[in-house]
Structure formats: C-alpha cells, structure tokens
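K.L.:
Mind having a look at this structure? Questions to follow.
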C-alpha cells in the first residue's frame, strides 16, 4: 500500500508570515528571499523558517509534495534550509478555471492525488474546500487549516503523525 501524500504549503504553515516576531520561538530564522517574480525594486521577502520542521516532516508517514505558489522555488529556496530533499511539486497552471469560492488549489490537489489518500496543510483551506473534497475524492483526506500567525507547531505534527494510522493507511 503506498503511503498517503502530504501536500505542503510554504506561506502560513512553514513561514508564519502573519506572526509578530515576539510570538515566534527562537527556533525560527528569518531569510531574505526573492522567489521567481519577486524582482527588484521590490524588497526581498522575509521568510521565517524553523529548521526543526524539516526533520519533523521527514519523520511523518507520508510522501511529501510541495503544494505552494512557490512551486519549484520551494525545492531550491525552502527545502535546503529545512534539510528536505527535492520533493515533487504540484503546478497550478489553470487557476482561472476553478469555481468561485473554492480555493484555487483544491481541485488540482485532488487531481494530483488521483485517488490516493492525502493530508494537506495550508492557511487557505475553508469549510467549502473540505466539503468539496469529501464529495469528490474517492479516498481519505485530511484538510488541515493552519493559522498563518502561528504556523505548524507540535499539535499539528501530532495530528499528522496519528491520522494515517488512525485511518488504517499505514502498517
């Protein structure tokens, strides 16, 4: 049985971009970055990452997949700072064809999963996305909204670690 997929967003879960500096633990490190399309004269983005998250993600019983507008930049800019290997990337080429009110990633991730169980962490997930996936995905799915002022933390990792076993998706 293949392991479930874990779709990872960058901004929100890994980079808690709405957090106040004082609210973040000392484990977070700020990195100035210029992803594709973020060219001068725009100031570099300040991306705050916790390098411990890489090891925690790799310990989870999933096949990790980037599901972020960073697309390939996640492999070249984010992954190395977290100690992650190169991961598959979901592309979002046809954003304009998705239903109004549904998060632009939702249908594409269900297409990408192709019937495989998956978990998804993102700050853009809504109740409508959860309902749509329940109705349109033929396997188990955990859509886990993450507060972009907090990012992923211990309880999120515990939930992600327990879910596949609770659903009988891993041995």
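In my numbering, the protein residues as written are 435 to 605.
Backbone N, C-alpha and C define an ideal beta-carbon position, used for all residues, glycine too.
Which residue wins for smallest C-alpha separation from residue 553, given the options 473, 588, 571?
P.N.:
When C-alpha distances from residue 553 are compared across 473, 588, 571, the shortest belongs to 571.
K.L.:
Taking just the CA atoms, how far does residue 474 sit from residue 569?
P.N.:
44 Å
K.L.:
What number of angstroms, rounded off, separates the C-alpha of residue 500 from the C-alpha of residue 488?
P.N.:
13 Å
K.L.:
For residue 460, name the three-state secondary structure that DSSP assigns.
P.N.:
coil
K.L.:
How is residue 561 classed by DSSP in three states: helix, strand or coil?
P.N.:
helix
K.L.:
For residue 556, decide whether its Cβ has a neighbour in chain D, counting only Cβ atoms nearer than 8 Å.
P.N.:
Looking at the structure shown, chain D is missing, and only one protein chain is on hand.
K.L.:
Straight-line CA distance for residue 573 to residue 476?
P.N.:
C-alpha separation (whole angstroms): 43 Å.
K.L.:
With a 10 Å radius around its C-beta and 16 neighbouring C-beta atoms as the bar for buried, classify residue 472 as buried or exposed.
P.N.:
exposed
K.L.:
What does a CB cutoff of less than 6 Å around residue 518 pick up in its chain, not counting 5 residues either side in sequence?
P.N.:
Setting aside the 5 residues that flank it on each side, residue 518 is surrounded in the same chain by 488, each with a C-beta closer than 6 Å to its C-beta; the list follows chain order.
K.L.:
Helix or strand or just coil, what does DSSP make of residue 604?
P.N.:
coil
K.L.:
Flag this pair as touching only if the segment 452-463 and the segment 489-499 have three or more C-beta atom pairs under 8 Å; answer yes or no.
P.N.:
Touching, no, given that fewer than three Cβ pairs across the two stretches are closer than 8 Å.
K.L.:
Residue 467 bridges to which residues according to DSSP?
P.N.:
479
K.L.:
Since residue 483 and residue 465 should fall inside the 8 Å C-beta cutoff, what is the C-beta to C-beta distance between them, to a whole number of angstroms?
P.N.:
6 Å
K.L.:
In the DSSP assignment, find the alpha helix (DSSP H) that holds residue 575 and state where it starts and stops.
P.N.:
Premise fails: residue 575 lies in the beta strand (DSSP E), 575-579, not in any alpha helix (DSSP H).
K.L.:
Quick check: residue 563 and residue 536, are their CB atoms within less than 8 Å of each other?
P.N.:
yes
K.L.:
Which runs of the alpha helix (DSSP H) at least 4 residues long sit entirely within the segment 492-556? Give them in chain order.
P.N.:
513-516, 540-547
K.L.:
So residue 443 and residue 470 are supposed to be a Cβ contact under 8 Å. How far apart are they, rounded?
P.N.:
That belief does not hold up - the Cβ atoms of residue 443 and residue 470 are roughly 17 Å apart, past 8 Å.
K.L.:
Hey, residue 440 and residue 594: beta-carbon distance below 8 Å or not?
P.N.:
yes
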